[in-house]
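Okay, so the sequence shown: first residue is 33 according to my numbering, each after it adds one.
A quick write-up on the structure given underneath.
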Amino acid sequence: VQLQASGGGLVKAGGSPRLSCAASGNIFSINSANWYREAPGKQRELVATMSGGGSTNYADSVKGRFTISGDNAKNTVFLQMSSLKPEDTAAYYCNLRVTVPPLTYDLWGQGTLVTVSS
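What follows is the structure, encoded as structure tokens:
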């Protein structure tokens, strides 16, 4: 069971990229999903969370600009980003808690770098 994150790159301020995080393996369910980011010289920050029931929460710094969502059929979680600012530049990490019967796994993606140019 592993995660593959994608969708990062160089983006102009105001842009709207979408990050993806695909889980592979015999996954029964995604129990929760989180997106974190880590900017150079700063601590890792939790930016978005989604429960298995679909409820979401966001850091104040991204609220109204980022949206977390999932496609259960594809075992994939997304982070739609919009109105990007240079201060959104960071490595973005997905974190999923998944059930592969009879076990539950806490998985991390490899990180995808988003660089926002002004």
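Glycine included, C-beta positions come from ideal geometry on N, C-alpha and C.
For clarity, every value in this text was computed on a predicted model and none was experimentally measured.
Checklist entry - With respect to the beta strand (DSSP E) encompassing S153, which residues constitute its N-terminal and C-terminal limits? => result Residue 153 is absent from the structure shown; the chain starts at 33 and stops at 150.
Checklist entry - Does DSSP put A91 in a helix, in a strand, or in coil? => result Sequence index remark: in the sequence shown, residue 91 carries index 59 (1-based). Coil.
Item to check | Selected residue, minimal CA-CA separation from G57, among F98, L42, R50, V33 | outcome: On the sequence shown, position 25 is the one that residue 57 refers to. Nearest of F98, L42, R50, V33 to G57, Cα basis: V33.
Checklist entry - What are the residues that DSSP puts in a beta bridge with V79? => result Taking the sequence shown and counting its residues from 1, one reaches residue 79 at position 47. In DSSP, V79 forms no bridge with anything.
Item to check | Bounding residues of the beta strand (DSSP E) (the contiguous stretch that carries Q112) | outcome: Position 80 of the sequence shown, counted from the start, is the residue given in the question as residue 112. Per DSSP, the continuous beta strand (DSSP E) segment holding Q112 begins and ends at 108 to 113.
Checklist entry - When the Cα of E77 is compared with those of A54, N107, G84, Y90, which residue comes out closest? => result Locating residue 77 in the sequence shown gives position 45, counting from the first residue. The shortest Cα separation from E77 among A54, N107, G84, Y90 belongs to Y90.
Checklist entry - Can you give the Cα-Cα distance for S115 and A37, rounded to whole angstroms? => result On the sequence shown, position 83 is the one that residue 115 refers to. On the sequence shown, position 5 is the one that residue 37 refers to. Taking the CA atoms as reference points, S115 sits about 21 angstroms from A37.
Checklist entry - Just the Cα atoms here: how many angstroms apart are G143 and Y125? => result Along the sequence shown, one-based indexing puts residue 143 at 111. Along the sequence shown, one-based indexing puts residue 125 at 93. Using only the alpha carbons, I get a separation of about 4 angstroms.
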